[in-house]
Amino acid sequence: MIWLRDHIGDVLGLTVQHTYLAGVPLILGLLIALPLGWLARRYKGLYPVLIIGTGLLYTIPSLALFIMLPLLLGNGVLNPTNVVIAMTIYTVALLVRTVADGLGSVPEAVNQSATAMGYKRGRRFISVELPLAVPVISAGLRVAAVSNVSIVSVAALIGVEQLGSLFTDGFNRAFMEPIIVGVIACVLLALVFDGAILGITRLATPWQRAGKAPS
Amino acid sequence: MIRFDAVSKHFPDGTKAVDDLTFEAPTGQITVLVGPSGCGKTTSLRMINRMIEPTSGRIWIDDQDTSTMDATELRRGIGYVIQHAGLFPHRTIVANIATVPRLLGWDKRKAEIRALELLERVGLPASFAKRYPAQLSGGEQQRVGVARALAADPPVMLMDEPFSAVDPIVREQLQDEFLRLQGDLGKTIVFVTHDIDEAIKLGDRVAVLRAGGHLAQLADPAYLLAHPGDDFVADFVGKDRGYRALSFQASPHFSLTPERTVPLGATPSQAAGAARDGWILVADENLRPLGWIEPVRLTAPIEPGMLQRGGTVATVGGPLRNVLDAALSSPSRRGVIVDDQGAILGTIRAHEVLAEIEERARPELVPADECEDAPT
Chain A
19 MIWLRDHIGD
29 VLGLTVQHTY
39 LAGVPLILGL
49 LIALPLGWLA
59 RRYKGLYPVL
69 IIGTGLLYTI
79 PSLALFIMLP
89 LLLGNGVLNP
99 TNVVIAMTIY
109 TVALLVRTVA
119 DGLGSVPEAV
129 NQSATAMGYK
139 RGRRFISVEL
149 PLAVPVISAG
159 LRVAAVSNVS
169 IVSVAALIGV
179 EQLGSLFTDG
189 FNRAFMEPII
199 VGVIACVLLA
209 LVFDGAILGI
219 TRLATPWQRA
229 GKAPS
Chain B
1416 MIRFDAVSKH
1426 FPDGTKAVDD
1436 LTFEAPTGQI
1446 TVLVGPSGCG
1456 KTTSLRMINR
1466 MIEPTSGRIW
1476 IDDQDTSTMD
1486 ATELRRGIGY
1496 VIQHAGLFPH
1506 RTIVANIATV
1516 PRLLGWDKRK
1526 AEIRALELLE
1536 RVGLPASFAK
1546 RYPAQLSGGE
1556 QQRVGVARAL
1566 AADPPVMLMD
1576 EPFSAVDPIV
1586 REQLQDEFLR
1596 LQGDLGKTIV
1606 FVTHDIDEAI
1616 KLGDRVAVLR
1626 AGGHLAQLAD
1636 PAYLLAHPGD
1646 DFVADFVGKD
1656 RGYRALSFQA
1666 SPHFSLTPER
1676 TVPLGATPSQ
1686 AAGAARDGWI
1696 LVADENLRPL
1706 GWIEPVRLTA
1716 PIEPGMLQRG
1726 GTVATVGGPL
1736 RNVLDAALSS
1746 PSRRGVIVDD
1756 QGAILGTIRA
1766 HEVLAEIEER
1776 ARPELVPADE
1786 CEDAPT
């Protein structure tokens, strides 16, 4: 652990970078997946197109995407924006289905009575459908968060600095300690993401914890 | 007043849900749409608040053609109650009730005060205000559904099988309370049910629909039972319609036979001394009937467990059906009649009730072409 003591500042810097590269796409991806998921619910014909289409995005190997995006966008290879965009694509791929299924989990009677009481479509989405879809969306978001933390590390191969850089560094020097520190830091970061999503979900869904009626 | 003017609804697959439906739901009354599944009753209801748009025809609320109104505005002015209540699971009870006032732009406090008022009105404790729907029983949720529909005090209410998902005892309570509430409020209500008993109990007017969305008959309940327009309606209103029609006939001031009573704890000899035709009625200190007993079977002072409780009790001046039922169900064959406080006035036998029924004229038959409005 001598190495860690000497490099704690570097590791913390890489962790911040890793958090940024995995976390920002999570938020962007969710913001993009919400309207797409809504479209997939609203127009039945679009559902398979959107679900299969976005699902296929997830099958693109991350390394290929990290290399292709700079060429497509004209950015420098080392520009972290490429990684943010690539990770956003993966997040969207995971979340469109989740959002669509979450909205689908809202009971039809609830949607009907919302409309009958005079909710316009947009307001109904924001104040009835979305809050009720939170538990399902949150479950998908947790998977996406852990997946992001893991995939981002691959970006070390194209030289974008984050915790994955500890793996390449350790590998190049045949030195285990940075690799172990990197793995532990990734796991801890994934747990922090997971805990944060869980905490926000609990705050957003007090109704889920209310007890049931005695029957 | 809600008026259907030659309204039809054909779905793209060719099914005719509603076919050329014309009728009026008068202001301040309950109009029940009743019929078997597939008769278009729910479709008709949903066309009123434009959840479903008619293929042809017009629906008027008072003098406004609903198709010319903004659908959202229209819906905010119409209360809506459905089966299973359709409450918002993520909102507290008070927030659920305050939904329409909030949509109408009332400030939060005013909407909450109104919601609490309605919570009390539908017979729920104020402690329910901050609970979530899942914490309430089905019957309680349904009450909240009614409160929510009433929140902005809409003149018109649409109710789609609101009481059919709760157990029979709760359903009867909800129906009774609903009638009491409507007695105070006088809303214009269109009520959908598949249950003819519910239709007859709640409706000021009952519209019987048949498959394909045709109006088979529209009449007040007593008339419907006495003069079903065709075999379909006759079949639908049921085989015991003669008996049920007695629900709509007030009983006259029968001359009752005075009945002696004994209290709980009376000895076998006291009971035997007071008995008539082998039976004695046991009453509490306020003369409310507790049950019948046969003194010959008694070996000890009367205890509650010994009483025969099979007999129903009818209130004086109530429906003839209740009086007849009291006589028919009584172990002693003597039907107990009580006053408004529940105290025994006397008894009556079935043949006396039947004699009265035979004296009565049935509701007058109205020629078919006047059926639309006449029997109200």
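Heads up: the protein sequence lines correspond to chains A and B, in order. Residue numbering for the first sequence follows our numbering, starting at 19 and increasing by one per position. Residue numbering for the second sequence follows our numbering, starting at 1416 and increasing by one per position. A virtual CB, placed ideally from N, CA and C, is assigned to each residue, including glycine.
With at least 16 other beta carbons inside 10 angstroms of its own, Lys1602 (chain B) counts as buried.
Here Glu1771 (chain B) carries a helix assignment [DSSP, helix/strand/coil]. A Cβ-Cβ separation of about 41 angstroms leaves Ala1681 (chain B) out of contact with Ala1660 (chain B) under the 8 angstroms criterion.
Contact fails between the segment 137-146 of chain A and the segment 1577-1585 of chain B, because fewer than three Cβ pairs, one in each stretch, are under 8 angstroms apart. Listed in chain order, the alpha helix (DSSP H) runs fully inside the segment 143-204 of chain A are 148-170, 182-191, counting runs of at least 4 residues. One thing to note: Ile1463 (chain B) has its Cβ no nearer than 8 angstroms to the Cβ of Pro1569 (chain B).
Going by DSSP, Leu1735 (chain B) is part of no beta strand (DSSP E) but of the alpha helix (DSSP H) stretching over 1735-1744. Assigned with DSSP and collapsed to three states, Glu1709 (chain B) falls in coil, not helix or strand.
Of all alpha-carbon atoms in B:Arg1536, B:Gly1520, B:Arg1558, B:Gln1498, the one lying nearest the alpha-carbon of Leu1600 (chain B) is that of B:Arg1536.
Considering only beta carbons, the part of the segment 1511-1535 of chain B lying closer than 7 angstroms to chain A consists of Thr1514, Val1515, Leu1518, in chain order. Looking at B:Leu1565, B:His1499, B:Asp1420, B:Val1621, the one whose alpha-carbon comes closest to that of Gly1450 (chain B) is B:Val1621.
In this structure, the alpha-carbon of Gly136 (chain A) lies about 29 angstroms from that of Arg227 (chain A). Cβ contact annotation for Phe1503 (chain B) (same chain, cutoff 8 angstroms, sequence separation greater than five): Ala1510, Asn1511, Thr1514, Pro1548, in chain order. Pairing Leu54 (chain A) with Val114 (chain A) gives a Cβ-Cβ distance under 8 angstroms. If you look at Ile70 (chain A), you'll find it in the alpha helix (DSSP H) that goes 64-75. 8 angstroms or more divides the Cβ of Leu75 (chain A) from the Cβ of Ala118 (chain A).
Judged by DSSP secondary structure, Arg1620 (chain B) falls within the beta strand (DSSP E) whose first and last residues are 1620-1625. Residues are counted here when their Cβ sits less than 8 angstroms from a Cβ of chain B; for the segment 124-140 of chain A these are Pro125, Ala127, Val128, Gln130, Ser131, Ala132, Thr133, Ala134, Met135, Gly136, Tyr137, Lys138, given in chain order. Per DSSP, the continuous alpha helix (DSSP H) segment holding Arg1586 (chain B) begins and ends at 1583-1600.
The criterion of a C-beta distance shorter than 8 angstroms is not satisfied by Thr99 (chain A) and Gly47 (chain A). Taken through DSSP and simplified to helix, strand or coil, Leu91 (chain A) comes out as helix. Secondary structure of Thr109 (chain A) (DSSP, three-state): helix.
Within chain B, not a single residue places a beta-carbon under 7 angstroms from that of Trp56 (chain A); the smallest gap is close to 18 angstroms. Between Val1697 (chain B) and Leu1705 (chain B), the C-beta gap is smaller than 8 angstroms, which places the two residues in contact. Inside the segment 1535-1583 of chain B, DSSP marks whole alpha helix (DSSP H) runs of 4 or more residues at positions 1553-1565, from first to last along the chain.
By the 16-neighbour rule on beta-carbons within 10 angstroms, Glu1674 (chain B) is buried. Here the C-alpha atom of Arg160 (chain A) lies approximately 12 angstroms from the C-alpha atom of Leu207 (chain A). Within the segment 1448-1520 of chain B, the complete alpha helix (DSSP H) runs of at least 4 residues fall at 1456-1463, 1486-1491, 1508-1512, 1514-1518.
Collapsing the DSSP output to three states places Pro1643 (chain B) in coil. For Phe1503 (chain B), the chain A residues whose C-beta falls within less than 7 angstroms of its own C-beta are Val128, Val146, listed in chain order. Tyr108 (chain A) and Ala214 (chain A) have their C-alpha atoms roughly 20 angstroms apart.
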